[in-house]
Every structure is written in C-alpha cells, then in structure tokens.
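Just so you know, the protein sequences line up as chains A and B, in that order.
Heads up: the first sequence at position 120 corresponds to 120 in this note's numbering, and the numbers run straight through without jumps.
Heads up: the second sequence at position 89 corresponds to 306 in this note's numbering, and the numbers run straight through without jumps.
Yeah, the Cβ is synthetic: ideal placement off N, Cα and C, and Gly gets one too.
Contents: one structure, followed by commentary.
Number of protein chains: 2
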Amino acid sequence: MDIAFLLFEGMTALDAVGPYEILQRVPGSNVRFVAKERGEQRAEDNSLGLVADYSFKDDVPAEVLLVPGGLATRQLVNDEETLEWIRQMDQKSEWTTAVCTGSLLLAATGLLKGREATTHWLEMEMLGELGAKPVEERVVHDGKFVTGAGVTAGIDMAITLVALMHDDFVAQALQLAVEYDPQPPFASGSPRTARRELVDLVREMAASRSLHSATRL
Amino acid sequence: MDIAFLLFEGMTALDAVGPYEILQRVPGSNVRFVAKERGEQRAEDNSLGLVADYSFKDDVPAEVLLVPGGLATRQLVNDEETLEWIRQMDQKSEWTTAVCTGSLLLAATGLLKGREATTHWLEMEMLGELGAKPVEERVVHDGKFVTGAGVTAGIDMAITLVALMHDDFVAQALQLAVEYDPQPPFASGSPRTARRELVDLVREMAASRSLHSATRL
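Spelled out as structure tokens, the structure:
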C-alpha cells in the first residue's frame, strides 16, 4: 500500500511522525514523504529537519494521503500550488487524511465542503469557516476523509485508519508493537478536562502569536 | 534550557519526535539534534530522514539528553564511540533520558547500573542483562535518569520530565497545547491488556527478525 505524507517548511513534526510510525509498520506499506521541493523541510521551531525524497513534480502513488499541520498552514491555506497538489493526490487516493491544522489545509482545497471533520481545539471555528462541519471528536471519519484533532491525535487517527483499511487485528497488533498504552500524568489534554486558567493561557498565547499558532505555546 | 537529542541511522523516529514536540515548546528551550556525523539520518524503515545539525565533534550543551531507540540499537550497544558520547553528555546533563530501546543503549554505557529503568515490553529482560533494574512501568524516574517504555511512551515521559524540571502547570499547559487527550480505539497497547494471540504474534515477529526488532512488526 502506497502512503504519501505531505511535508512543508513550518510543519508540526509530530503531526506526520505519529501516524508514520503506525502506517510504516502496516505489512506491505510503502511510505513516501513529499514536499514542494525535494530535500530538507524544517519544522516550525526550526531545530529539526525532515527530509522529503519526492517533490510535487514526481508522480507519487498514494492509496493514502496524509496532510500534517503546523504554523505554516496560515500561509498555505492560500497557496494554490499546495492546494492543487492535495486535490490531485486526492483524485488517486482511497483515503485522504489530515492531522491538527492539516485539516484547515485540506478544507481550504474545498474537498471537505459539507463534510464532518476535526482539527486542533483552538481552530474549530476556522475549520467551519473553510467549509467543513467541525465535530469535537478526536478522530472523525466521513467517507474517504479521516481527520484527527491536535498534534498527538494523529496516533489515534492512524490506528483508526488501519482498522478501517484492514481489520481490528492488524490495528491492535500495531498498537501493541508501538506500546500505545497512554498514561498521561495529568488530565489536561483537552479544554473539556483542563483547568480553565490553562485553557485561557493557551488560547491567549496562541492569539498573541498568530491565528494558526494553536499548536505552539 | 539546552536539550540534546541523539539521532542515528536506524532509529525509531517517534521515540525522538514525540518528546521533541513537548520539549521544544518549553519556554526558553533550545533543542539540538546530534549524530555521529552531521546531516541526514534515516529511520529504521528507510523512508524518512531526520537531520542532525550537530555531530559528536561539536561541544553541544545539554541540560537534558534524550536517547531514542530503534533497530540499530542492536549494533550500537557495542559501539564504543556512541557509548562514550552518551557518557560525556551525561557528565554535563541535569537529566539523562531514554525512550524504548534507547534505554538499552543508555544501560550499555553503564550509567544505569543498579538503577530502575524501563524499555519496550519485549526488551525488559535485556535491560536487566545490561545492568539496570527493569521496572514494568510506562515512565520510570531514578535520580537524574528518566526512561520511557516502547515508542509512544516518549510523550508521557516528556510531560513527566517537564513537571519534574519545572512544575505541573507548565507540563499541563504543554499537554493541552498538543491536545494530548489520548483515545486509543482499542485496549491493546500493552501485553497486560492485549489479547494473548496478539502478544504471541508480536513476540514471534520480533524474534524472527532480530533481538532488538521489538519496535517493528
């Protein structure tokens, strides 16, 4: 199975690497990282580079497409070259997926028009403005589109996707292989469970930076 | 705060990128990726490259050191150059941490002798053979050493580490920023919860490949 990950300068690395670590283990999978230009793409804090072996010019096969998020989505929702590449990939994909603010990018293509989807909790309103129907769930599945909430939700999204594509047994075996038995030390991973002052703090810090800086403090 | 991540050919990318996505968000943090030689390091399935901006020859500052795991740890536990670099970094670190089979590498340096530590569930025995006291917990903290279980446990480890280094408030804010509100679709992330046939399958597939292939199906 051919799986294509979009990479770009200013991405959130974990949005891509979380699902990658599940999907690369699917027996028979063939993962390719693709960016506008081949080569290193720096993540949003600039300390880490991820390498794309393929560019938009390559005819990359994709039964699965994954679009990560990141600070750069603020610009990329207006970047027709990237949006058109996503539309072209979606024409050949069986599953088109996104994580975090990658859902905004996917919505900006028009492909999520009227479809249920999710994104980072700070960006739900923007997702609606871009034409999708925002659903406050960790993983949302509508037709061929599977979306995950903020950053770490990509892992849950990918395990759900494997179960949809194959069966529960393969998905469970992969979950065990990566020992995904999460035990967060606090119950503050969602605005529903976090203390109000934490929600206000993260919201303020995001607002003071930029509209799409939801994923950075 | 200076944070150094070891990278190497044949690593498990998520072992590093999970904690990175927490630690790079700590206000004032300065993350550096270091490898034997500067440049691209391919992850264990060879589809993804992560870039190290620094080499062992650079005098990289590190209040925190993080050692990821991966298939290549099988060789690296006998690689004196890598072991000596870890020992040198540990001399200046306040916290020395490892994820998954990175704990085997850390144990091979001798630094975990007699100390409690954890690793991937398939490698607990090996961790003991390398001189540590294996503890079947997701995150183990003994003195300055903090270790995480398999692959995805790096996220729990990093949030725990932030709470140890700073306070619960910062750790909780970061957890909310990356929306770490895990909702695995199955309860099969641990040999304690997974069906017996899944545990046997993952164990057999690991054994049939190599001793340290625990993290790949």
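Consult DSSP for residue i and reduce its assignment to one of helix, strand or coil.
i: lysine 144 of chain A; result: coil
i: arginine 291 of chain B; result: helix
i: valine 268 of chain B; result: strand
i: methionine 1 of chain A; result: coil
i: lysine 92 of chain A; result: helix
i: glycine 39 of chain A; result: strand
i: aspartate 15 of chain A; result: helix
i: glutamate 421 of chain B; result: helix
i: valine 139 of chain A; result: strand
i: leucine 6 of chain A; result: strand
i: serine 427 of chain B; result: Only weak support is given to the placement of serine 427 of chain B: the predicted model assigns it a pLDDT of 44, under 50, and the question is left unresolved by the model.
i: arginine 87 of chain A; result: helix
Quick check on the DSSP output: the beta strand (DSSP E) that includes residue i runs from which residue to which?
i: leucine 378 of chain B; result: From DSSP, leucine 378 of chain B is part of no beta strand (DSSP E) but of the alpha helix (DSSP H) over 370-382.
i: leucine 283 of chain B; result: 281-284
i: valine 251 of chain B; result: 247-252
i: threonine 314 of chain B; result: 312-316
Starting from residue i, follow the alpha helix (DSSP H) in both directions and report where the run begins and ends.
i: tryptophan 121 of chain A; result: Segment: none, tryptophan 121 of chain A is in no alpha helix (DSSP H) and carries neither H nor E.
i: valine 387 of chain B; result: 385-394
i: serine 103 of chain A; result: 102-108
Report back the beta-carbon spacing between residue i and residue j to the nearest angstrom; my notes put them in contact at under 8 Å.
i: valine 294 of chain B; j: leucine 321 of chain B; result: 6 Å
i: methionine 343 of chain B; j: alanine 289 of chain B; result: The Cβ separation is near 15 Å, so there is no contact.
i: valine 419 of chain B; j: leucine 176 of chain A; result: 5 Å
i: leucine 48 of chain A; j: leucine 7 of chain A; result: Contact flag wrong, Cβ pair sits at about 12 Å.
i: glutamine 389 of chain B; j: alanine 194 of chain A; result: 7 Å
i: valine 17 of chain A; j: valine 234 of chain B; result: 4 Å
i: threonine 369 of chain B; j: proline 68 of chain A; result: Their Cβ separation, rounded to whole angstroms, is 17 Å, which puts threonine 369 of chain B and proline 68 of chain A out of contact at 8 Å.
i: aspartate 142 of chain A; j: arginine 115 of chain A; result: 4 Å
Measuring CA to CA, which of the options is closest to residue i?
i: glycine 102 of chain A; options: A:Glu197, A:Leu176, A:Leu14, A:Val60; result: A:Leu14
i: proline 134 of chain A; options: A:Ala43, A:Ile155, A:Thr119; result: A:Thr119
i: lysine 361 of chain B; options: B:Pro236, B:Ser310, B:Ala349, B:Ala324; result: B:Ser310
i: leucine 23 of chain A; options: A:Leu66, A:Val202, A:Gly10; result: A:Leu66
i: asparagine 247 of chain B; options: B:Glu254, B:Met218, B:Gly266; result: B:Met218
i: valine 99 of chain A; options: B:Ala221, B:Val395, B:Val277; result: B:Val395
i: glutamate 136 of chain A; options: A:Glu63, A:Arg192, A:Glu44; result: A:Arg192
i: arginine 291 of chain B; options: B:Gln392, B:Pro402, B:Arg355, B:Leu323; result: B:Leu323
i: tryptophan 302 of chain B; options: B:Glu257, B:Ala252, B:Val234; result: B:Ala252
i: leucine 122 of chain A; options: A:Pro182, A:Asp142, A:Leu198; result: A:Leu198
i: glutamate 441 of chain B; options: A:Arg32, A:Gly150, A:Thr109, A:Ala62; result: No answer is possible for residue 441 of chain B: it lies beyond the span of chain B, which begins at 218 and ends at 434.
i: aspartate 90 of chain A; options: A:Ala117, A:Gly148, A:Pro61, A:Arg115; result: A:Pro61
i: valine 281 of chain B; options: B:Asp417, B:Ala334, B:Met374, B:Tyr397; result: B:Met374
i: alanine 52 of chain A; options: A:Glu44, A:Ile159, A:Glu37, A:Asn46; result: A:Glu37
i: methionine 382 of chain B; options: B:Glu297, B:Tyr397, B:Arg259, B:Val363; result: B:Val363
i: valine 357 of chain B; options: B:Pro399, B:Ala334, B:Thr369; result: B:Ala334
i: valine 170 of chain A; options: B:Pro402, B:Pro236, B:Thr299; result: B:Pro402
i: glutamate 81 of chain A; options: A:Ser55, A:Gly69, A:Gly70; result: A:Ser55
i: tryptophan 95 of chain A; options: A:Ile3, A:Lys57, A:Gly128, A:Ala132; result: A:Ile3
i: aspartate 58 of chain A; options: A:Arg42, A:Glu44, A:Phe33; result: A:Phe33
i: glycine 148 of chain A; options: A:Asp167, A:Met124, A:Leu130, A:Met205; result: A:Met124
i: alanine 132 of chain A; options: A:Arg138, A:Glu9, A:Thr109; result: A:Thr109
i: isoleucine 376 of chain B; options: A:Ser188, A:Glu129, A:Gly154; result: A:Ser188
i: glutamate 44 of chain A; options: A:Leu83, A:Phe5, A:Gly70; result: A:Gly70
i: glutamate 257 of chain B; options: B:Gly345, B:Ile372, B:Glu226; result: B:Glu226
i: threonine 97 of chain A; options: A:Leu174, A:Pro19, A:Asn46, A:Glu129; result: A:Pro19
Problem set entry | Residues from the region 258-281 of chain B in contact with chain A, defined by Cβ distance under 7 Å | Asp262, Ser264, Leu265, Gly266, Leu267, Val268
Exercise. What residues from the region 397-413 of chain B come within 9 Å of chain A, judged by C-beta to C-beta, listed N to C?
Worked result: Tyr397, Asp398, Pro399, Gln400, Pro401, Pro402, Phe403, Ala404, Ser405, Gly406, Ser407, Pro408, Arg409, Thr410, Ala411, Arg412
Exercise. Along the region 245-258 of chain B, what residues have a CB closer than 9 Å to any CB found in chain A?
Worked result: Ser246, Asn247, Val248, Arg249, Phe250, Glu257
Exercise. If contact means a Cβ-Cβ distance below 8 Å, which residues of the region 222-238 of chain B contact chain A?
Worked result: Thr229, Ala230, Leu231, Val234, Gly235, Tyr237, Glu238
For this session: Mind checking the region 361-387 of chain B against chain A and listing, in chain order, the residues whose C-beta falls within less than 8 Å of any C-beta there?
Result: Ala366, Gly367, Val368, Thr369, Ala370, Ile372, Asp373, Ile376, Thr377, Ala380, Asp385, Phe386
Problem set entry | Contact list for the region 293-310 of chain B against chain A, Cβ threshold 9 Å | none
For this session: Taking a Cβ distance cut-off of 8 Å, strictly less, list which residues of the region 110-139 of chain A are near chain B, in chain order.
Result: His120, Trp121, Arg138, Val139
Problem set entry | Chain-ordered residues of the region 311-325 of chain B with a beta carbon less than 7 Å from chain A | none
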